[in-house]
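Residue numbers (the UniProt record's numbering), protein chains in the order written: chain A, 1 to 199; chain B, 1 to 199.
Shown next, in structure tokens, is the structure this report addresses.
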């Protein structure tokens with residue numbers, strides 16, 4: 001498929017996600033093309049598997065987009081472990097989700113800052129970095145982040161593992177002044193890898 | 001840091017990894033600059049945390065580079081969950097490891113094939129893909145893979161999650177004819193994301 005065909009396909013496609021009450025796409029299911037604030041309101045007890053027909057989406061541990069965050073790109077997620085990537089804090093909940101509107105591969109820029117409130121030295125990135133330390137960032141922590149364009153996902157550990165923080169230009173005007181603003185579950189500013197979220 | 005400085009830094013650096021018997025870099029430790037076939041031979045009972053001073057490395061579940069594979073890029077891994085990314089099959093072992101020699105960001109190419117033994121339609125990649133399906137690959141499986149240059153890591157699930165398969169030009173001449181050749185722990189050809197491994 002050439003880039004033009006891909007663009008055409010993207011133009012046609014809407015966001016679409018199907019959630020299932022049981023693992024491996026079994027049991028009760030429901031397809032969504034827009035955000036869901038609380039899956040419990042749809043008489044689901046739990047989400048145990050997911051098919052993303054068109055993404056990207058972000059899933060949240062709790063209703064109303066609270067708690068742990070999980071980036072959900074197109075593909076099959078047959079069980080909780082497929083989207084969590086963080087097993088030390090096993091909640092196994094995913095109760096709300098929404099499309100990521102501003103994901104746009106061709107134009108993504110983010111600035112990392114050495115201190116909170118965008119103070120200290122600044123590092124500008126336009127690419128994916130599985131190891132910020134290999135790239136020259138001297139710490140395992142990132143105190144504040146400004147998203148200039150696009151949508152990004154930052155991770156606690158190298159190689160895109162551990163807690164995920166979805167950072168979008170369209171939310172908070174792209175400004176994340178300290179780790180409390182990364183997400184409601186964040187209790188450290190430890191970030192060791194970061195990548196763009198693509199359509 | 002500009003690209004020249006980065007290159008210079010890379011030129012100076014050797015592979016280096018420090019393993020610890022306890023979580024959070026506690027207890028007995030040992031630094032390596034070359035491969036380790038079996039950490040038990042060094043009177044370690046287990047590896048519970050890792051600092052990669054210079055990478056990339058690949059860790060294995062069992063001695064002599066057998067079992068589950070874990071890509072280890074520069075950074076801190078305070079516990080098992082930091083490198084596993086796959087919690088459904090909890091082994092918590094990492095008993096051997098080696099440097100990835102052919103990781104080279106500027107020149108990485110891989111071909112995915114629709115069927116085993118490099119048959120069927122071919123897809124050539126030079127970039128990272130968090131979702132192969134979003135890129136146009138119609139299946140959640142990749143039956144065979146040829147690495148033309150560099151080193152890659154393929155993952156079971158989208159977004160770089162689940163089982164990891166390290167695929168290098170320098171091993172098997174880059175030829176992986178079926179899922180048995182992806183790794184000793186592979187029992188399916190399910191691959192939904194792939195990325196380059198960088199220095």
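Beta carbons: idealized from backbone N, C-alpha and C, even for Gly.
These numbers were taken from a predicted model, which means no experiment stands behind them.
Taking 9 Å as the Cβ-Cβ cut-off, the stretch 56–86 of chain A approaches chain B at 56, 70, 71, 72, 73, 74, 75, 76, 77, 78, 79, 80, 81, 82, 83, 84, 85, 86, given in chain order.
Per the C-alpha coordinates, the member of B:16, B:112, B:36, B:20 positioned closest to residue 56 of chain B is B:16.
Residue 189 of chain B sits buried, since 16 or more C-beta atoms from the chains shown fall within 10 Å of its C-beta. For the alpha helix (DSSP H) assignment, the uninterrupted runs of no fewer than 4 residues enclosed by the stretch 31–90 of chain B are, from N- to C-terminal side, 80–84.
Using a Cβ-Cβ cut-off of 7 Å, residue 139 of chain A does not count as an interface residue toward chain B, since no Cβ of chain B sits closer than that to its own. According to the DSSP assignment, residue 101 of chain B belongs to no alpha helix (DSSP H), since it is labelled neither H nor E.
With fewer than 16 other CB atoms across the displayed protein chains lying within 10 angstroms of its CB, residue 28 of chain B is exposed.
Pairing residue 46 of chain A with residue 121 of chain A, the inter-Cα distance amounts to about 44 Å. Of all alpha-carbon atoms in A:36, A:138, A:126, the one lying nearest the alpha-carbon of residue 115 of chain A is that of A:138. In the structure shown, the three-state DSSP call for residue 119 of chain A is strand. Of A:96, A:71, A:51, the smallest CA-CA separation from residue 41 of chain A is found for A:96.
According to DSSP, residue pairing for residue 191 of chain B in a beta bridge does not occur. The beta carbons of residue 73 of chain A and residue 134 of chain B sit closer together than 7 Å. Taking a Cβ-Cβ threshold of 7 Å, none of the residues of chain A is close to residue 106 of chain B; the smallest such distance is about 12 Å. As computed with DSSP, residue 152 of chain B is found in a beta bridge with B:167, B:196. For residue 134 of chain B, the enclosing alpha helix (DSSP H) stretches over residues 132–135. At a cut-off of 7 Å between beta-carbon atoms, residue 143 of chain B makes no contact with chain A. Among the bridge pairs identified by DSSP, residue 160 of chain B is matched with none. Close to residue 151 of chain A, with beta-carbon spacing below 7 Å, lies no residue of chain B; the smallest spacing is near 12 Å. The beta-carbon of residue 41 of chain A is placed no less than 7 Å from the nearest beta-carbon of chain B. Between residue 161 of chain A and residue 85 of chain B a beta carbon distance of about 5 Å is seen, short of the 8 Å cut, so the two are scored as contacting. About 5 Å separates the beta carbon of residue 166 of chain B from that of residue 58 of chain B, a gap short enough to meet the 8 Å contact definition. Per DSSP, residue 18 of chain A is one residue of the beta strand (DSSP E) stretching across 16–22.
The Cβ atoms of residue 82 of chain B and residue 157 of chain A lie closer than 7 Å to each other. Under the three-state reduction of DSSP, residue 92 of chain A is assigned to coil, being neither helix nor strand. Shown here, residue 182 of chain A sits in coil according to DSSP, grouped into three states, outside any helix or strand.
Separation of residue 152 of chain A and residue 197 of chain A (C-alpha to C-alpha, rounded to the nearest whole angstrom) is 5 Å. As computed with DSSP, residue 114 of chain A is found in no beta bridge at all. With contacts defined as CB atoms closer than 7 Å, residue 75 of chain B and residue 185 of chain B fail to qualify as a contacting pair.
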